[in-house]
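What follows is one structure encoded as structure tokens, with my remarks underneath.
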Amino acid sequence: MPADYKQMVANLRQFYDFSDKEVVAVGAGGGQLVDLVPETRKLIVIDNDPAAIHRWQARIDAEGLKGRVDAVQADFCTASRGGDVVYFEFSLHEVGDPGKALRHALTLAPEVLVFDHLPDSEWVFHAAEEDKVRRSTKALEESDCVRRQAFRTEQRFQTYQQLVDKISCQGKVALERATKYRDASEIAIPMTYGLSLLRGRSRTGECRSYSLP
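One rule links them: number in our numbering = place in the sequence shown (from 1) + 58.
Shown next as structure tokens:
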């Protein structure tokens, strides 16, 4: 992937310890969640997309992960499968009602971990996802948080066409914004993202903003 996924995984592991936990992951993503399998007691992937679940099931079979990973096709907000922590990996901003999703997550596990974009990210602008990210960030700020941290990286592309291929699924606005890089090479677009840890009944009121290290 264009972003430095190794850096992002290092940020994640520094922020939260998955050791011996049953993790309910919201959204199948591109399969990168498999990196967490060795650390968890069990990984439960929930996604409403049959194709995404099929890809996960094929990977489970091919890599001998049966018993360690379950792939469940369901709308998360109606799912009943619980665990030790519910984990949103760049998926909360895609949910229609992120506040409802967070409230439901806290009925399934005592902790909720959210890894997602921040509103000030230039990459969010180029992906034309400002409204989605503002909505998910607002839902997090209105939730009970015990810890929050911000990080930055870059989305890198060797050519304009690689950038277009990446954001084409985001629609016309994203493609129009990308034209500023039409004649560029070695493109680097700053991206900020945050990790937030929520706990049920915490009522700390301490996490109202992110801070970059």
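C-beta: ideal position from N, C-alpha, C; glycine also.
Small disclaimer: the values here were computed from a predicted structure and weren't measured.
Identity of the residue in Gln216, Tyr74, Asp223 nearest Glu244 by Cα: Your numbering for residue 244 matches position 186 in the sequence shown. Of the listed residues, the one whose Cα sits closest to Glu244 is Gln216.
Report all residues from its chain with a CB closer than 6 Å to the CB of Val231; omit the five preceding and five following residues, and keep chain order. Numbered from its first residue, the sequence shown carries residue 231 at position 173. Excluding positions up to five away in sequence, the list reads Ala186.
By a C-beta neighbour count over all protein chains shown, 10 Å radius and 16 as the cutoff for buried, is Ser77 buried or exposed? Locating residue 77 in the sequence shown gives position 19, where the first residue counts as 1. Answer is exposed; the Cβ neighbour count stays below 16.
Coarse secondary structure for Pro248, derived from DSSP in three states: By 1-based counting over the sequence shown, the position of residue 248 is 190. Note: Pro248 maps to strand in three-state DSSP.
Where Gly258 sits in the DSSP three-state scheme: Indexing the sequence shown from 1 puts residue 258 at position 200. Three-state DSSP puts Gly258 in coil, outside helix and strand.
From Glu169 to Phe146, what distance separates their C-alpha atoms? Working through the sequence shown from its first residue, we reach residue 169 at position 111. Working through the sequence shown from its first residue, we reach residue 146 at position 88. Roughly 11 Å between the two C-alpha positions.
Can you say whether Tyr63 is buried or exposed, counting buried as having 16 or more other CB atoms within 10 angstroms of its CB? In the sequence shown, the residue the question calls residue 63 occupies position 5. Looking at its Cβ environment, which holds fewer than 16 other Cβ atoms inside 10 Å, Tyr63 is exposed.
Tell me where the beta strand (DSSP E) around Thr217 begins and ends. Residue numbering aside, residue 217 sits at position 159 when the sequence shown is read from its first letter. From DSSP, the beta strand (DSSP E) with Thr217 extends over 203-217.
Measure the beta-carbon distance from Gly141 to Leu166 and round it to whole angstroms, keeping in mind my assumption that it falls under 8 Å. Residue 141 sits at position 83 when you count from the first residue of the sequence shown. Residue 166 sits at position 108 when you count from the first residue of the sequence shown. 7 Å between Cβ atoms; contact.
Beta strand (DSSP E) containing Ala83: first to last residue? To locate residue 83, count along the sequence shown from 1; it is residue 25. Looking at the DSSP string, the run of the beta strand (DSSP E) that includes Ala83 is 80-84.
How would you write the range of the alpha helix (DSSP H) that Leu150 sits in, first residue to last? The sequence position of residue 150 within the sequence shown is 92, counting from 1. Element bounds for Leu150: n/a, residue is neither H nor E.
Using CA atoms only, rank isn't needed, just tell me which of Gln131, Phe209, Ala197 is closest to Ala83. As a position in the sequence shown, residue 83 is number 25, starting the count at 1. Ranking Gln131, Phe209, Ala197 by Cα distance to Ala83 puts Gln131 first.
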